[in-house]
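A.B. asks:
There are 4 protein chains.
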Amino acid sequence: MTKIKQNSPVLFFYNNSKKWLMNISKKESFHTHIGVIKHSDAIGKEYGSRLMTNKDKYVYLLEPTMYDYIMKIQHGTQIVYPKDLGYIAARAGIKDGQKILEIGTGSGSLTSFVASIVKPRGHVYTFDVDEKFMKIAEKNISRSGLSKYVTQHNLDLKTSKEIPVTEMDVALIDLGDPWIVIPKVRKMLKGSGAIFAICPTMNQLEKLTMALVENEFTDIESTEHIIRNIEAREGKTRHSFQGIGHTTYLCFARKAFFGKTTAKTTTKAKTTTKAKTTTKAKTTRKKTKT
Amino acid sequence: MTKIKQNSPVLFFYNNSKKWLMNISKKESFHTHIGVIKHSDAIGKEYGSRLMTNKDKYVYLLEPTMYDYIMKIQHGTQIVYPKDLGYIAARAGIKDGQKILEIGTGSGSLTSFVASIVKPRGHVYTFDVDEKFMKIAEKNISRSGLSKYVTQHNLDLKTSKEIPVTEMDVALIDLGDPWIVIPKVRKMLKGSGAIFAICPTMNQLEKLTMALVENEFTDIESTEHIIRNIEAREGKTRHSFQGIGHTTYLCFARKAFFGKTTAKTTTKAKTTTKAKTTTKAKTTRKKTKT
Amino acid sequence: MTKIKQNSPVLFFYNNSKKWLMNISKKESFHTHIGVIKHSDAIGKEYGSRLMTNKDKYVYLLEPTMYDYIMKIQHGTQIVYPKDLGYIAARAGIKDGQKILEIGTGSGSLTSFVASIVKPRGHVYTFDVDEKFMKIAEKNISRSGLSKYVTQHNLDLKTSKEIPVTEMDVALIDLGDPWIVIPKVRKMLKGSGAIFAICPTMNQLEKLTMALVENEFTDIESTEHIIRNIEAREGKTRHSFQGIGHTTYLCFARKAFFGKTTAKTTTKAKTTTKAKTTTKAKTTRKKTKT
Amino acid sequence: MTKIKQNSPVLFFYNNSKKWLMNISKKESFHTHIGVIKHSDAIGKEYGSRLMTNKDKYVYLLEPTMYDYIMKIQHGTQIVYPKDLGYIAARAGIKDGQKILEIGTGSGSLTSFVASIVKPRGHVYTFDVDEKFMKIAEKNISRSGLSKYVTQHNLDLKTSKEIPVTEMDVALIDLGDPWIVIPKVRKMLKGSGAIFAICPTMNQLEKLTMALVENEFTDIESTEHIIRNIEAREGKTRHSFQGIGHTTYLCFARKAFFGKTTAKTTTKAKTTTKAKTTTKAKTTRKKTKT
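Just so you know, the sequences run in chain order A, B, C and D. Heads up: the first sequence begins at -14 in my numbering, then just goes up one per residue. Heads up: the second sequence begins at -14 in my numbering, then just goes up one per residue. Heads up: the third sequence begins at -14 in my numbering, then just goes up one per residue. Heads up: the fourth sequence begins at -14 in my numbering, then just goes up one per residue.
(1) Name, in chain order, the residues that DSSP records as bridge partners for D/H138.
(2) Counting only the same chain and skipping the five closest in sequence on each side, list residues whose C-beta sits under 6 Å from that of C/V222.
(3) Less than 6 Å between C-beta atoms, sequence neighbours within five positions excluded: which residues of the same chain meet that for C/L142?
(4) For the region 177 to 202 of chain B, which residues have a CB atom closer than 7 Å to at least one CB atom of chain C, in sequence order?
(5) Nearest chain D C-beta to B/T222 closer than 8 Å, yes or no?
(6) Grab the span of the beta strand (DSSP E) containing D/N8 for me, first residue to last.
(7) State the start and end residues of the unbroken alpha helix (DSSP H) segment that holds A/M195.
(8) CA-CA distance, D/G91 and D/Q59?
(9) Quick one: what does DSSP say D/N(-8) is sitting in, helix, strand or coil?
(10) Give a yes or no on whether the minimum CB-CB distance between A/A254 and chain D is below 8 Å.
(11) Tell me the DSSP secondary structure of A/L70 in three-state form.
(12) Hey, how far is the Cα of B/M173 from the Cα of B/L140?
(13) Beta strand (DSSP E) containing B/Y52: first to last residue?
(14) Can you pull the chain C residues whose beta carbon is under 9 Å from the beta carbon of D/G89, in chain order?
(15) For A/N139, go through chain B and note every residue whose CB falls closer than 7 Å to its CB, in chain order.
(16) Am I right that A/N125 and A/S145 are in contact with their C-beta atoms under 8 Å? What's the rounded C-beta distance?
(17) Please determine if the region 2 to 19 of chain B and the region 36 to 45 of chain A are in contact, where contact requires at least 3 C-beta pairs separated by less than 8 Å.
(18) Please name the residue in C/I211, C/V114, C/A182 and C/K133 whose C-alpha comes closest to that of C/P105.
(19) Are C/A100 and C/L70 touching if we call contact CB-CB under 8 Å?
(20) According to DSSP, is A/L131 part of a helix, a strand, or is it coil?
(21) Looking at A/G161 and A/I121, is the spacing between their C-beta atoms short of 8 Å?
(22) What does DSSP give as the partner residues of B/I158 in its beta bridges?
(23) Is there at least one Cβ from chain B nearer than 8 Å to D/S(-7)'s Cβ?
(24) Around the Cβ of C/M51, are there at least 16 other Cβ atoms within 10 angstroms (buried) or fewer (exposed)?
(25) Please tell me whether C/F118 has its Cβ less than 8 Å away from any Cβ of chain D.
(26) Quick check on DSSP: helix, strand or coil for D/S14?
(27) Decide if the region 209 to 229 of chain B is in contact with the region 203 to 217 of chain A; the criterion is three or more beta carbon pairs, one per stretch, under 8 Å apart.
(28) With 8 Å set as the bound, which would you pick, yes or no: does the beta-carbon of B/Q63 sit closer than that to a beta-carbon of chain D?
(29) Sort out for me which residues DSSP pairs D/Q63 with in a bridge.
(30) Which first and last residues belong to the alpha helix (DSSP H) in which D/H24 is found?
(31) Near C/S(-7), what residues of its chain come up, given a Cβ to Cβ distance below 6 Å and the 5 sequence neighbours on each side ignored?
(32) Quick one: Cα of D/E31 to Cα of D/T(-13), how far?
(33) I need the straight-line Cα distance from B/G29 to B/I229, nearest angstrom please.
(34) Would D/R239 and D/A156 qualify as a contact pair, given that the criterion is a beta-carbon distance under 8 Å?
(35) Does the Cβ of C/I9 lie closer than 7 Å to at least one heavy atom of the ligand MN?
(36) Residues of the region 204 to 215 of chain D with a CB closer than 9 Å to any CB of chain C: list them in chain order, please.
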């Protein structure tokens, strides 16, 4: 049973739109629409306990999860939403021990989520060029205690000749023009390694998909993910009137080798195969263009 | 660079509806609509390479991910789909090192997915009563190499008085009548620990939500998740004509303590608080009933 | 070519959230965030022309459609949305010449929409008990010039013994407890006539469906309708970030006669048939209860 | 009370996937998976009655609606679905008495639906170039008894210089490249008349939207419409597992006159206005291109 003490992280939870994520510091207290909350009142409580504000409102003392850190990041900067984060992890099969490449650190929400899964034996190598964002991301990643599992690089992979990392299990791309880095990403991925790109527009999906075919990726899949809240109440259950129209589309693919096709199962075929392969490959490409 | 050898797991991938997950065994070969595939042809290749069948079709040799194992499980038994699995992980903040309780092992797809995230330091304790399913689950879990991180119990938590595990970080419930086990699950969860229940019907959401309020849970949220495939092709990008209507709804909540409310921020109030608390709690409950 | 003159109805359109529906009256002018608009400036213009406000904003002079009248009604009162209205008309096959029964006039948006379709030879008989709403509806219906095709009744069909109309082609129900009026509605509908009920909650769908089976309706169908806006812009096409979570579910059915089953196609069977029918009917009912 | 007689149209309804639309002809009978059905058994029955097949299955005798005719058309040819038809009618405010232009008759499902609403005083002028389809459409339109309200033209509006009709209230476009006919459609529409285009791909929405701006249309709106079936059963209510991924997107707009801008509300401004207008117009156009 974990008790809250000085410096413990706490999500002061009133409801999903009114919640505050902080580390306990004895002397602090904060003023909200629902009343004043004194940190010291939380000390010694078990996570899950609640306080009553001086306005008689209950505030729950929750142990912050990755979700809470990500939703906290949300304030101010653009993030990848849990509905999308979750599918990325499930579709790419992200798991403990993997090496992840991220291009476009942004505010570090995707970085943190992925790091929390691949730790302790895995690592996230994330690249960005915006100093300001890199500082924000650094703060967000360390707040969720994951700095040890993330390396931030200030390097423009669109232009640089460097191949700073290789044999990555998964590459995550959050750029306006993801297709530009595909040939480079290919070099950094292991065989049959996965790519996931955050594509807010249909045009990005279209351009990226063509680049993925050109660069010998397979199992290419574009999806969108809609979350609908349901208000479950006795005799009155229905979907929420509020809803989100769109966050982003996602594009997934796996690295293949079109060239390295082996013999057919009959020895005869062997000689003819290679030629066949290349022509085949070409036509496939052409097909995807029309 | 990992080369495929005897016993290596391989996803023979033609497309998303034609794929075969197997461990390589030299002498084997299998017959499909797209031709004959000889395991031996895969040996020595790098993951991501492709073979050509005797019908001139390409088959990619992919390194199986958790996703591939789960979709493989799908054949025959009912599973929790990646779109839902992903949200469960993201919303509950499942991560390396956690202890997970699962009630209703089913075919072991949720079990395997969660185990792949909490390993190596975490563990999944899963309970079921159906011998047949437990065998299927055992096979599926070991196929994905996760047996070490999962303990299967043949115990009916609906009836048994036992509390076999405690201080769980997250509880996953896949039962027709999840509300029955809530008081018991509460005892097994740590403070502010999370619950996720798989609820295919609206009626389940409704009954479960009432049980969660009665049993002092907070941050209660019901959602559904819709995945839509997009066919991104030059000049012809649109959603896929095929779609899935429904898989399941999900219900999330976190364990709280309604009783343990502390003093208001003013000393005066102290004496009156407790009384207030209990009445408050009651009314909250009543409210949720109308 | 229709020119705008004194008393012409005009939708002053700036964008979908800033638009004003009025009848032109020479001396009037109105002040908005986008500037001052003088009615007199519209006189003599063709519908579709635009004015410039004193703040250099363009305002289009559009000829109001049924849609515009319905969205105007929206302000203040709850309405049935075009996405739902449209499906009601399409699924029930509402068309010129039909007689429509409406229970729950509300603000008259559904009333007006349906009247605009069945006119000039059809008619809408609408029932409500709330004097205040009936006045609002009357105003809305006459504003869209449809009073001639609508008869408003102040009568509670839940309690009254009267059968004020019969042989209706379609019955539209917008009540909190639609199942109560089903036996009565049945008496007012023609054979195989259609019912449509506005059901904001899943519980209503459930209770109503059972009542429809009990009361010998067939082709029972519950649906929900999601509209998603798309922002089509060169190179940046995507769904809108804003969205609507939920408006209402819809329940459709057609009046049948379970009793009036005729002989099988073999003379022999004749005698046994009737018995068979009734038992069958019973079992069907029972089935739907479990 | 309408009794079924020789030549009456009847929808023999078993369930939504097993139904047959026919005109009664005494001597006919048809064989189905659910048994033999003799037309003669229907004669003299009231619509809504049911027959029992020689396999003890009930078949309901329903009076066909526009919906039934459209779903019948579906077999074999591509149609516009009721969910989309309905929104077209509701958003464009289609009603009795209107003149409708349709480019791309296809199988005549949209044609028939719209004709059933604008009759008896309105009319549909529909254009196509495919002789084969025109014959199919003619058959479908006459089957639903609407020939009187529809004129079919074999004319290619993409190339022809003719302006065969003018002052249309609404224009419906179902072409692969709708943008090509926009300047022409503009000439056929009345001021502030509405356009609706059936656009299965996002690329069509994008190109069409640009053409609409270039051609002085306003209130431009792109939408998609998702219908979800709900299985409402006591204690087991949920969405259907089956679903439709995509049918088409829709693009709506209204004809405006960018040129005909009048003076500002202050006399002073008058002189400067026109200039301002044109530049404005230009910039608007430019904006939509980036």
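Quick reminder that beta carbons are idealized off the backbone N, C-alpha and C, glycines included. Fair warning: this is a prediction, and the values are worked out from it, not measured in the lab.
C.D. replies: Let's see:
(1) Its beta-bridge partners are D/F112.
(2) According to the sequence displayed, residue 222 of chain C carries Thr and not Val. Once the five neighbours on either side are set aside, C/T222 has no close Cβ partner at all.
(3) Counting only Cβ-Cβ distances below 6 Å, and skipping sequence neighbours, we find I88, F112, V166 and K169.
(4) Residues of the region 177 to 202 of chain B whose Cβ lies closer than 7 Å to any Cβ of chain C, in chain order: M187.
(5) Closer than 8 Å: yes.
(6) Unbroken beta strand (DSSP E) run through D/N8: K3 to N8.
(7) Following the DSSP letters along the chain, one finds A/M195 inside the alpha helix (DSSP H) bounded by residues M187 to E199.
(8) Distance from the CA of D/G91 to the CA of D/Q59, rounded to the nearest whole angstrom, comes to 11 Å.
(9) It is coil, neither helix nor strand.
(10) Confidence at A/A254 is low in this model, with a pLDDT of 34, below 50, so its placement is unreliable and the value that follows should be read with caution. No, A/A254 does not count as interfacial toward chain D.
(11) Of the three classes helix, strand and coil, the one that applies to A/L70 here is helix, per DSSP.
(12) Separation of B/M173 and B/L140 (C-alpha to C-alpha, rounded to the nearest whole angstrom) is 15 Å.
(13) In this chain, B/Y52 is not harboured by any beta strand (DSSP E); it is covered by the alpha helix (DSSP H) spanning M51 to Q59.
(14) Per Cβ cutoff of 9 Å: no residues; D/G89 is ~19 Å from chain C at best.
(15) Here the premise fails: no neighbours, minimum Cβ distance about 27 Å.
(16) Incorrect: roughly 25 Å between the Cβ atoms, too far for contact.
(17) No: the two stretches stay apart, fewer than three of their Cβ pairs being nearer than 8 Å.
(18) Taking C/P105 as reference, the option from C/I211, C/V114, C/A182 and C/K133 with the minimal CA-CA separation is C/K133.
(19) Their beta carbons are not under 8 Å apart, which means C/A100 does not touch C/L70 by this criterion.
(20) Residue state, collapsed to three classes: coil.
(21) Between A/I121 and A/G161, the gap from beta carbon to beta carbon reaches 8 Å or more.
(22) Residue pairing from DSSP places B/I158 in a beta bridge opposite B/I88 and B/A182.
(23) Closer than 8 Å: no.
(24) Its Cβ being crowded by 16 or more others within 10 Å, C/M51 is buried.
(25) Not an interface residue.
(26) D/S14 falls in the strand class under three-state DSSP.
(27) Yes, the region 209 to 229 of chain B is in contact with the region 203 to 217 of chain A.
(28) Not one chain D Cβ lies under 8 Å of B/Q63.
(29) DSSP lists no partner for D/Q63.
(30) Residues H24 to A27.
(31) Cβ neighbours of C/S(-7) beyond the five flanking positions: I9.
(32) Going from the Cα of D/E31 to the Cα of D/T(-13) covers about 6 Å.
(33) Approximately 39 Å between the Cα atoms of the pair.
(34) For D/R239 and D/A156, no; Cβs fall outside 8 Å.
(35) Of the ligands one can find in the structure shown there are none, so the ligand MN has no counterpart to examine.
(36) Of all residues in the region 204 to 215 of chain D, D204, I205, E206, S207, T208, E209, H210, I211, I212, R213, N214 and I215 have a Cβ within less than 9 Å of some Cβ in chain C.
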